[in-house]
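Trainee: After the structure tokens below, expect a handful of questions from me.
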Amino acid sequence: MTTEPLVTRSRDELAAARADLADGEVAVVMTMGALHEGHARLIRTARERARHVLVTIFLNPLQFGVGEDLSKYPRTFDDDLAICRREGVDLVFAPTPDVIYPDGDPGVRISAGPLGDVLEGQSRPGHFDGMLTVVAKLMHLTRGDRFYYGQKDAQQLLLIRRMVRDIDFPATVVSVPTVREEDGLAMSSRNTYLSGSDREAALVLSRALRAGADRAEEGPSAIRRAAREVLVTEPLALSDYLVLVHPSSLAEVPEWYRGEALLAVAARVGTTRLIDNIPVLVGPGGGALEVFSDVPHADLHA
Numbered sequence: 254m255t256t257e258p259l260v261t262r263s264r265d266e267l268a269a270a271r272a273d274l275a276d277g278e279v280a281v282v283m284t285m286g287a288l289h290e291g292h293a294r295l296i297r298t299a300r301e302r303a304r305h306v307l308v309t310i311f312l313n314p315l316q317f318g319v320g321e322d323l324s325k326y327p328r329t330f331d332d333d334l335a336i337c338r339r340e341g342v343d344l345v346f347a348p349t350p351d352v353i354y355p356d357g358d359p360g361v362r363i364s365a366g367p368l369g370d371v372l373e374g375q376s377r378p379g380h381f382d383g384m385l386t387v388v389a390k391l392m393h394l395t396r397g398d399r400f401y402y403g404q405k406d407a408q409q410l411l412l413i414r415r416m417v418r419d420i421d422f423p424a425t426v427v428s429v430p431t432v433r434e435e436d437g438l439a440m441s442s443r444n445t446y447l448s449g450s451d452r453e454a455a456l457v458l459s460r461a462l463r464a465g466a467d468r469a470e471e472g473p474s475a476i477r478r479a480a481r482e483v484l485v486t487e488p489l490a491l492s493d494y495l496v497l498v499h500p501s502s503l504a505e506v507p508e509w510y511r512g513e514a515l516l517a518v519a520a521r522v523g524t525t526r527l528i529d530n531i532p533v534l535v536g537p538g539g540g541a542l543e544v545f546s547d548v549p550h551a552d553l554h555a
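Numbering (my numbering), first residue to last: 254 to 555.
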């Protein structure tokens, strides 16, 4: 059965609609629009666990740096709303930038700290400060009980968890395993930028990660070596980084390390920058994981 979600645009409209959802847990899925099956999986998981589901659709300008693709980012609101309808969303909050930032560029922002300066942060300075700032604002405005995020954006997920814990947000963060196309490509709104040949080349990212995970029992060097051997076979994929890091510190794990780790890759294919990752268990009995087990089913309470 499909339901028609209530669409709100202003803070007052959201507050009034949110007050009507006081009879049970409210789950929130934050998006920048251009919804795909990965977002649908987040919504579906939230729908299974909560009485009410609220989806935010907001293309956050603070997350885009100089030369990035804010103007080209796909805007598909009608299609997004159709997915929300299909998945039984109760409430959609789709504000414009002047609603979220009524005074223009915010003078005070959330700092991602050192964890925001590595990996994606090194390539995209200020990106995670902008992301955390809008997430904090939307957490306050939506007053959700649980907030659902995809494992694909592993560094983003880690930073949101740290913000919730470090600043004592009354919220629970839940991660959902990465959703992939049948050929293994991780679902992303940016996949729409890929040409046919680019898309074929992009498959090397997931192949490299799988190759690394398949060698997890042998230790960190074997994981890195196997993943690199696959990644370098595709000349159209220009690698930015391929790392095996601790899931909490993002520090490269040493050769003696045994336990859970994040195998992550970023590469530019054509004009599109893509990221992907696999959680892995390193050592005896090791291999690919869906999500990390140090927070059961990826729940982390503030």
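Every residue gets a Cβ at the ideal spot worked out from N, C-alpha and C, and that includes glycine.
Quick caveat: nothing in here was measured; it's all calculated off a predicted structure.
Would you decide whether Ser428 is buried or exposed? Buried here means 16 or more other CB atoms lie within 10 Å of its CB.
Mentor: buried
Trainee: Excluding sequence positions up to five away, which residues of its chain have a Cβ less than 6 Å from the Cβ of Gln408?
Mentor: Leu372, Glu373
Trainee: Flag this pair as yes or no: are the beta carbons of Val533 and Ala514 separated by less than 7 Å?
Mentor: yes
Trainee: In whole angstroms, what separates the C-alpha of Thr445 from that of Phe317?
Mentor: 18 Å
Trainee: Under a three-way DSSP split, which group does Ser450 fall into?
Mentor: helix
Trainee: Give the straight-line distance between the Cα atoms of His550 and Asp273, rounded to the nearest whole angstrom.
Mentor: For His550, the predicted model reports a pLDDT of 36, less than 50, meaning its position is unreliable and no value from the coordinates is stated.
Trainee: Does the segment 350-368 come close enough to the segment 275-289 that 3 or more CB-CB pairs lie under 8 Å?
Mentor: no
Trainee: Quick one: what's Met283 bridged to in DSSP?
Mentor: Thr309
Trainee: So, at 7 Å on beta carbons, what are the nonlocal neighbours of Arg300 in its own chain, with the 5 sequence-adjacent residues on each side left out?
Mentor: Answer for Arg300: Val306, Glu340, Gly341, listed in chain order.
Trainee: Exposed or buried, Ser502, counting other C-beta atoms within 10 Å across all chains shown (16 or more means buried)?
Mentor: exposed
Trainee: Using CA atoms only, rank isn't needed, just tell me which of Ile528, Arg511, Ala517 is closest to Gly536.
Mentor: Arg511
Trainee: Kindly list the residues whose CB is nearer than 7 Å to the CB of Ser364, restricted to its own chain and excluding five residues on each side of it in sequence; keep chain order.
Mentor: Asp382
Trainee: Tell me the rounded alpha-carbon separation between Asp529 and Arg478.
Mentor: 17 Å
Trainee: Measure the Cβ-Cβ separation of Leu391 and Tyr402 and say whether it is below 7 Å.
Mentor: no
Trainee: Check Thr261 in the structure and name its three-state DSSP category.
Mentor: strand
Trainee: Assuming Leu491 is part of the beta strand (DSSP E), what are its boundary residues?
Mentor: 490-498
Trainee: Check the DSSP bridge columns for Glu513 and list the partner residues they point to.
Mentor: Leu534
Trainee: If we ignore side chains and look at the alpha-carbon of each, how far apart do Arg526 and Leu295 end up?
Mentor: 23 Å
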